[in-house]
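K.L.:
If you read the sequence shown in this note's numbering, its first letter stands for residue 63, the second for the next number, and so on. Quick reminder that beta carbons are idealized off the backbone N, C-alpha and C, glycines included. Got a structure for you, questions after.
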Amino acid sequence: MADRYGPLLARVAALEAAGLRRELLALEPTGPTTARAAGQELTVFCSNDYLGLAQHPELREAFRGGGAGSARLVSGNRPAHAALEAALSERFGRPATLFSSGYAANLGLLTTVLQRGDRVVSDALNHASIIDGLRLTAAERTIVPHGSPAQLSGARLAVTESLFSMDGDVAALESWTGEHWLAVDEAHAVGALGPDGRGVAAQQGVEPDFLVGTLGKAFGAAGAFVVGPEVLRPLLVSTARAFVYTTGLPEGVAAAALAGLRHATRERRERLAANAARLRSGLRQIGANVLGSAHILPVLTGERTMAVAARLRTAGIFAPGIRSPTVPRGLERVRLTASSEHTEAQIDRCVEAMDAALRG
Ligand SMILES: Cc1ncc(COP(=O)(O)O)c(C=O)c1O
């Protein structure tokens, strides 16, 4: 019996030995951009709550009500789901279908639209949920270098993120379009970028066939949605396993997301852009190797990453190091994110702390 879990213990030990064992840190929010962890006050520079809505009083109030109790197709469909889908459909101009997370949305969309015999072109830096969704299909996969769509001719689908979650750069979506269908994961862009917060595609004047957006990042709640042509929704609702075989979102989450949609205002987007620009310019001034062009600001720190993140934390700035396998070896980084609710003083303090951490 002693080694019943021997193979699992060996894997944990291997992670430990490689310095890749991950730990959860309990953070207690104390404001839109601050939290307490192990008795220490921290300014958070790594949340995807780009508009500071996750702690908004109206969202906190909306997180009420009960669980759905079953999948939406059984007895778990609530008026709050319909209200949220109606608001998203109106905002994005085409029918929207809710999923319980962005991860589930990508799985649901990709496994639904792709079939055996199809070929799909996917950006090399696409998110794990896109990779996993594609792995679940019988489609042939062509993985192209980041930002360089190729071999599109004859493909059924091309799929890319818009604002890349780990590199912070923005795809030139026009170069991904053609005869094939285009799916764009706007997880980090909806709410934060584009007219009415409709994301990068709307900003660039491209209408992807399928758009995935999350409700747990700029909109401050949880869950996700897929927008597409009329024909998509009945297919998703009837056949997407990630929709059919999972419990509906709690009604409070749907209500909070609806409040998040209302509070994702142009004023907040403008403050976010200004804060991101201030942070980027400060980081450049201290000579940091900062990537991206919007509110995700990865600072390449290589093998010093964990030490830099630890020094930042000692200085009261929270942004954990990102390592392999999330990013390739050698390209480890501290991924900073801006919030519309950061103050200028907080941003300047973050730059100072990064300066000291990089020199330390
Ligand atoms: C590009 C991208 N797509 C999808 C997801 C998944 O979204 P969710 O957190 O709602 O599952 C994330 C992040 O978590 C992401 O970065």
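Using 10 angstroms around the beta-carbon of residue 103, count the other beta-carbons present and answer buried if the total reaches 16, otherwise exposed.
P.N.:
To locate residue 103, count along the sequence shown from 1; it is residue 41. By the neighbour-count rule (16 or more Cβ atoms within 10 Å), residue 103 is not buried but exposed.
K.L.:
Which residue's Cα is closest to the Cα of residue 152: 180, 323, 82 and 115?
P.N.:
Walking along the sequence shown from the start, residue 152 turns up at place 90. Selected option, being the one with the closest Cα: 323.
K.L.:
Can you name the start and end residues of the beta strand (DSSP E) that residue 98 belongs to?
P.N.:
Along the sequence shown, one-based indexing puts residue 98 at 36. Where residue 98 is concerned, the enclosing beta strand (DSSP E) stretches over 96-99.
K.L.:
Leaving out the 5 sequence neighbours to the left and right, which residues in its chain are closer than 8 Å to residue 121 when beta-carbon positions are compared?
P.N.:
Locating residue 121 in the sequence shown gives position 59, counting from the first residue. 115, 282, 283, 318, 321, 322 and 325, listed in sequence order.
K.L.:
What residue ranges within the region 148-228 form continuous beta strand (DSSP E) runs of no fewer than 3 residues, ordered along the chain?
P.N.:
Listed in chain order, they are 158-161, 181-185, 202-206 and 219-223.
K.L.:
So residue 220 and residue 211 are in contact, right, with Cβ under 8 Å, and what is the actual spacing, rounded?
P.N.:
Position 158 of the sequence shown, counting from 1, holds the residue named residue 220. Position 149 of the sequence shown, counting from 1, holds the residue named residue 211. The pair is a contact, with the Cβ atoms about 6 Å apart (cut-off 8 Å).
K.L.:
What residues come near ligand 1, if near means a beta carbon less than 5 Å from any of its heavy atoms?
P.N.:
Counting every residue whose Cβ lies closer than 5 Å to a heavy atom of ligand 1, we get 163, 164, 165, 189, 191, 223, 227, 247, 249, 276, 278 and 286.
K.L.:
Tell me the rounded alpha-carbon separation between residue 177 and residue 199.
P.N.:
Taking the first residue of the sequence shown as 1, we reach residue 177 at position 115. Taking the first residue of the sequence shown as 1, we reach residue 199 at position 137. One C-alpha to the other measures close to 7 Å.
K.L.:
Output the boundary residues of the alpha helix (DSSP H) element that contains residue 359.
P.N.:
Locating residue 359 in the sequence shown gives position 297, where the first residue counts as 1. Segment 358-362 is the beta strand (DSSP E) holding residue 359; no alpha helix (DSSP H) there.
K.L.:
How big is the Cα-Cα spacing for residue 259 and residue 252?
P.N.:
By one-based count along the sequence shown, residue 259 stands at place 197. By one-based count along the sequence shown, residue 252 stands at place 190. Near 5 Å, if we compare the C-alpha coordinates of residue 252 and residue 259.
K.L.:
Going by beta carbon distance, what residues of the same chain come within less than 8 Å of residue 234, once the five residues before and after it are set aside?
P.N.:
Along the sequence shown, one-based indexing puts residue 234 at 172. Cβ neighbours of residue 234 beyond the five flanking positions: 209 and 266.
K.L.:
Short check: CB of residue 278 to CB of residue 105, under 8 Å?
P.N.:
If you number the sequence shown from 1, residue 278 lands on position 216. If you number the sequence shown from 1, residue 105 lands on position 43. Their beta carbons are not under 8 Å apart, which means residue 278 does not touch residue 105 by this criterion.
K.L.:
Which residue wins for smallest C-alpha separation from residue 133, given the options 162, 224, 182 and 290?
P.N.:
Reading the sequence shown from its first residue, position 71 is the one you call residue 133. Of the candidates 162, 224, 182 and 290, the one whose C-alpha sits nearest the C-alpha of residue 133 is 162.
K.L.:
Looking only at C-alpha atoms, which of 228, 365, 356 and 238 sits nearest to residue 217?
P.N.:
For the purposes of this step, residue 217 is identified with residue 155 of the sequence shown, where counting begins at 1. The residue with the shortest Cα to Cα distance from residue 217 is 238.
K.L.:
Can you tell me which of the three DSSP states residue 329 falls into?
P.N.:
Numbered from its first residue, the sequence shown carries residue 329 at position 267. Residue 329: helix per DSSP, three-state reduction.
K.L.:
Could you please give the first and the last residue of the uninterrupted alpha helix (DSSP H) stretch that includes residue 367?
P.N.:
What you label residue 367 is simply residue 305 of the sequence shown in a count that begins at 1. From DSSP, the alpha helix (DSSP H) with residue 367 extends over 367-376.
K.L.:
Which residues in the same chain as residue 257 place their Cβ atom closer than 8 Å to its Cβ, once the five residues preceding and following it in sequence are excluded?
P.N.:
Here the question's residue 257 lines up with position 195 in the sequence shown. Only 264 and 265 meet the Cβ criterion.
K.L.:
Residue 254: buried (16+ other C-beta within 10 angstroms of its C-beta) or exposed?
P.N.:
Taking the first residue of the sequence shown as position 1, residue 254 is located at position 192. Buried, by the Cβ-count rule.
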